[in-house]
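Notes to accompany the following structure.
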Amino acid sequence: METVPQSSEGTKDDNAVKLKKFRKDLKWYRRNCPAQIPEVVRLSDNPEMYQEEVRRYKQAKLGKLMNFTTARRLEQRQFFYKEYYPEWTVASYPMKEEKDYVEKFPAPQPVSYYEEDLQLEKQSSEITKLTDVALRYCVGEQEKKTGSGTLEAHVNGFRYTISSPTMQIDFTYKNVKHAFFRSEDEEMPPLLHFNLHVPINVVGNLNANDIQFQLVKTLMGQKRSDVDILGKTEKENKNYNKDFQNFIENVEAKWNQHLLPFELPHKKNEFHGSSGVFALTRICLAGIVKAPFFVVALTEIEFVNLAHLRDGEIDMTIVLKDFTRKVFQIKSIPSTSVIVIKRLFDILGVKYYENKEEHNWNGILEDIRDKPQKFIDNGCWRSVNLESSADAALSSDSEKSEESEFYFEKDEEEEESPWYKFLAKCGSRSDSTEEESDG
1 METVPQSSEG
11 TKDDNAVKLK
21 KFRKDLKWYR
31 RNCPAQIPEV
41 VRLSDNPEMY
51 QEEVRRYKQA
61 KLGKLMNFTT
71 ARRLEQRQFF
81 YKEYYPEWTV
91 ASYPMKEEKD
101 YVEKFPAPQP
111 VSYYEEDLQL
121 EKQSSEITKL
131 TDVALRYCVG
141 EQEKKTGSGT
151 LEAHVNGFRY
161 TISSPTMQID
171 FTYKNVKHAF
181 FRSEDEEMPP
191 LLHFNLHVPI
201 NVVGNLNAND
211 IQFQLVKTLM
221 GQKRSDVDIL
231 GKTEKENKNY
241 NKDFQNFIEN
251 VEAKWNQHLL
261 PFELPHKKNE
271 FHGSSGVFAL
281 TRICLAGIVK
291 APFFVVALTE
301 IEFVNLAHLR
311 DGEIDMTIVL
321 KDFTRKVFQI
331 KSIPSTSVIV
341 IKRLFDILGV
351 KYYENKEEHN
361 WNGILEDIRD
371 KPQKFIDNGC
381 WRSVNLESSA
391 DAALSSDSEK
401 SEESEFYFEK
411 DEEEEESPWY
421 KFLAKCGSRS
431 DSTEEESDG
């Protein structure tokens with residue numbers, strides 16, 4: 001494969017010329033062979049510059065889609081978020097990207113659907129158990145924790161029991177909205193976290209929407225004290241994690257009709273904020289290490305705002321599609337985490353903005369609820385100062401463009417483009433041009 005000619009970094013003017021040509025070729029790539037874009041960027045003379053351009057282009061398209069879907073919801077006076085849109089047919093979306101983006105979820109079920117009785121295994125040998133685990137839950141922003149108990153997996157759900165004081169908690173697989181397994185590290189022992197559709201009663205009159213089962217280490221027996229965390233060997237860590245992994249595998253065998261398996265937050269996808277440790281998974285943004293717990297599905301997020309308000313730190317604001325809910329903020333994230341966060345949001349298809357502004361988010365949401373048509377007429381989120389001038393210009397171009405924008409237009413500069421030879425390796429441009437003209 002012939003690579004793109006390599007050159008020195010060049011001046012700003014040179015880079016501007018290269019970017020102009022790259023933007024032109026990027027349109028053709030997105031139309032004909034989008035899978036080749038990463039390879040083109042990797043073999044270029046300035047991968048970081050071109051990768052940033054690809055990111056900006058994708059975010060501009062996500063912004064266009066977000067404004068379109070938000071306007072449609074507000075026109076129907078839907079300030080809250082519906083997990084499905086039964087009144088919207090696929091034909092109502094004008095672009096293929098929009099068809100692919102909006103996922104169809106089953107209709108929400110009544111509360112009784114999630115509160116069915118637990119069916120116990122008839123044979124004790126069929127019960128999957130995880131011993132020496134404590135229940136963690138939150139009352140407001142305060143964390144509560146029980147003593148050591150046993151978590152059992154039965155036919156259609158879980159039972160957690162403690163002998164002293166006597167406690168028994170049941171919840172079904174159907175009631176689990178999201179489930180996580182976080183392996184042991186220097187911060188926390190291994191744990192299982194369950195985010196529920198319907199809160200369950202834990203102690204007295206207290207209900208919890210998020211519950212967690214964490215390994216309890218004792219001075220006697222096979223497990224060790226909480227104060228001995230730093231003295232653990234790598235082999236012992238793996239043994240503890242293996243116990244949890246075996247439990248998960250056995251549970252998922254019973255849980256075969258449930259749509260959501262256990263999510264495994266990777267340490268490399270975690271970032272720290274003033275309120276704890278957070279992680280991005282394939283379908284969620286979750287904070288399950290420190291109370292209060294926070295779990296939100298990516299499909300429930302309208303967009304994320306990354307504000308550079310202080311040197312060396314950013315504040316993250318998560319605006320939800322449900323405009324009746326307050327925003328969630330993660331403050332004092334180290335700026336060193338921004339690159340990883342942006343890359344993950346980009347991969348997962350989450351729209352984000354990056355700026356240096358502090359906004360009155362709850363006031364903005366109140367104005368949208370009070371005057372939705374005015375918000376739509378002003379261009380939805382384009383009316384809020386969320387983008388840099390360069391990104392705003394790119395988003396404006398994206399909003400005005402039609403699907404035909406992605407067709408490559410051959411002109412006199414085509415043969416001189418430094419990308420042309422590489423484009424030819426992906427497929428015959430002349431063939432695609434002839435097919436389009438024949439159509």
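Going by full-length UniProt numbering, the sequence shown opens with residue 1, and the numbers climb by one from there. Just so you know, even glycine gets a beta-carbon here, dropped at the ideal spot from N, CA and C.
Integer-rounded CB distance, given that residue j should sit under 8 Å from residue i
i      : j      : result
Asn175 : Leu196 : 5 Å
Asn156 : Gln119 : 5 Å
Asn305 : Val319 : 7 Å
Phe278 : Ala286 : 7 Å
Leu19  : Glu53  : 6 Å
Cys284 : Glu270 : Not quite, the Cβ-Cβ distance comes to about 13 Å (not below 8 Å), so this is no contact.
Ala307 : Ile314 : 6 Å
Leu215 : Asp132 : 6 Å
Tyr50  : Phe22  : 6 Å
Thr357 : Asn385 : Per the sequence shown, residue 357 should be read as Glu rather than Thr. With a Cβ gap of about 6 Å, Glu357 and Asn385 count as contacting.
Val198 : Glu115 : 6 Å
Thr128 : Asn239 : Actually they do not touch by this definition, with Cβ atoms about 18 Å apart.
Residue i burial status per 10 Å Cβ neighbour count (16 or more: buried)
i      : result
Gln59  : buried
Glu387 : buried
His266 : exposed
Ser163 : exposed
Thr161 : exposed
Val295 : buried
Leu309 : exposed
Glu152 : buried
Ile248 : buried
Tyr113 : exposed
Trp28  : buried
Limits of the alpha helix (DSSP H) - the one that residue i falls within
i      : result
Glu366 : 361-370
Pro47  : 47-75
Arg42  : 37-42
Phe323 : Premise fails: Phe323 is in no alpha helix (DSSP H) and is neither H nor E.
Arg343 : 338-348
Beta strand (DSSP E) segment containing residue i, residue limits
i      : result
Val176 : 176-182
Gly273 : 270-273
Asn355 : 352-355
Residue i - partner residues in DSSP beta bridges
i           : result
Cys284      : Ala297
Thr317      : Asn305, Gln329
residue 505 : Within the shown structure, residues of the chain are numbered from 1 to 439, placing residue 505 beyond reach of any answer.
Val216      : Answer is none; Val216 lacks a bridge partner.
Ile200      : Ala208
Pro334      : Glu313
Ala134      : Ser148, Gln214
Phe247      : Phe247 pairs with nothing; no bridge assigned.
Ala279      : Glu270, Ala286
Thr128      : Ala153
Leu192      : Phe181, Phe213
Residue from the options whose Cα sits closest to the Cα of residue i
i           : options                        : result
Asn209      : Thr150, Arg369, Leu135, Asn360 : Leu135
Tyr173      : Ser183, Met167, Arg159, Asp185 : Arg159
Thr336      : Glu358, Gly312, Leu320         : Gly312
Phe303      : Asn46, Phe213, Thr70           : Thr70
Lys268      : Val338, Phe213, Arg73, Asn360  : Val338
Ile169      : Gly276, Val203, Asn360         : Val203
Phe345      : Arg369, Val327, Ala297         : Ala297
Arg369      : Glu141, Lys342, Arg55, Arg325  : Arg325
Ile211      : Phe293, Phe323, Trp361         : Phe293
Tyr352      : Arg382, Gly363, Asp377         : Arg382
Leu192      : Ser183, Asp14, Leu348, Ile200  : Ser183
residue 456 : Lys356, Lys145, Val139, Val41  : Absent from the model: residue 456. The displayed extent of the chain is 1 to 439, so no value can be given.
Leu280      : Lys342, Glu252, Asn239         : Lys342
Gln123      : Ser148, Arg77, His154          : His154
Thr299      : Pro189, Leu348, Ser275, Asp367 : Leu348
Val139      : Gln373, Ile200, Gln329         : Ile200
Ser148      : Lys371, Pro165, Lys331         : Pro165
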